[in-house]
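Let me begin by presenting the structure, written as structure tokens, before commenting on it.
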Amino acid sequence: MKINIYDYDGKRLAQIDGHAPIYITNAIESLPIEKIPFRENIDILRTLQELNEQQKMKAESIMMIDDDLEFLEISKHWIAKLGHYVETFTNAEAAFGRLRKFVNNRYDRIIVDNRMPDISGASLVKTILKLKVTAKIQILSANIAEVPRDISSKIMIIQKPCNMVNIVGAASKAHVTKGEGG
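First residue of the sequence shown? That's 173 in this note's numbering, and the numbers climb one at a time after it.
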């Protein structure tokens, strides 16, 4: 099976050779830098659309924001094993800059930790919502009551500790409080 990697102009940058399931995150990260010097030029959603059609699955492009690097690395590993593309950020400002640049053409889902040193996840989500993103947004929080009602009524809140596989799939009802927009 071959999956094409495209840029935003529709130009094919590379082709991934592999057997299903293709771990798209690992495949893209292992592409030689000479072929694609700037990973941000990859049209992830178009690439995933082709992957989904060939493998009859629903891979997503996911942004994760959390100040806990170890948690991010473990989460990325397991979510990528499910076939999803994952980008992680420990810095909310860098993540927001990336979102502002790509608004609605890079991510299907955004997962934000509520407790970070410089900003709360709820405050970051309020700023993200002003961009009018179409991605599903989820907040991870050890204390759901900390998330303001105006945010928890719009997006999904997932209580930590949680199973990362459940976040991407059908979230476990025992760990999830769902707002209207989640």
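Glycine included, C-beta positions come from ideal geometry on N, C-alpha and C.
Taking 4 residues as the minimum length, the alpha helix (DSSP H) runs contained wholly in the stretch 237 to 316 are 241 to 253, 264 to 274, 293 to 302, in order along the chain.
Where Asp189 is concerned, the enclosing beta strand (DSSP E) starts and stops at 184 to 189. Thr219 sits buried, since 16 or more C-beta atoms from the chains shown fall within 10 Å of its C-beta. With 16 or more other CB atoms across the displayed protein chains lying within 10 angstroms of its CB, Glu232 is buried.
C-alpha of Lys253 to C-alpha of Arg184: approximately 24 Å in a straight line. Counting only residues of its own chain and dropping the five nearest sequence neighbours on each side, Leu296 has a CB closer than 6 Å to the CB of Ala264, Val284. Here Ser324 carries a helix assignment [DSSP, helix/strand/coil]. CA-CA distance, Thr260 to Asp215, rounds to 17 Å. Taking all protein chains in view, the Cβ of Gly182 is surrounded by fewer than 16 other Cβ atoms within 10 Å, so the residue is classified as exposed. Between Ile200 and Ala267, the alpha-carbon positions lie close to 19 Å from each other. Considering only Ala317, Leu312, Asn198, Tyr257, the residue with the shortest C-alpha distance to Met288 is Leu312.
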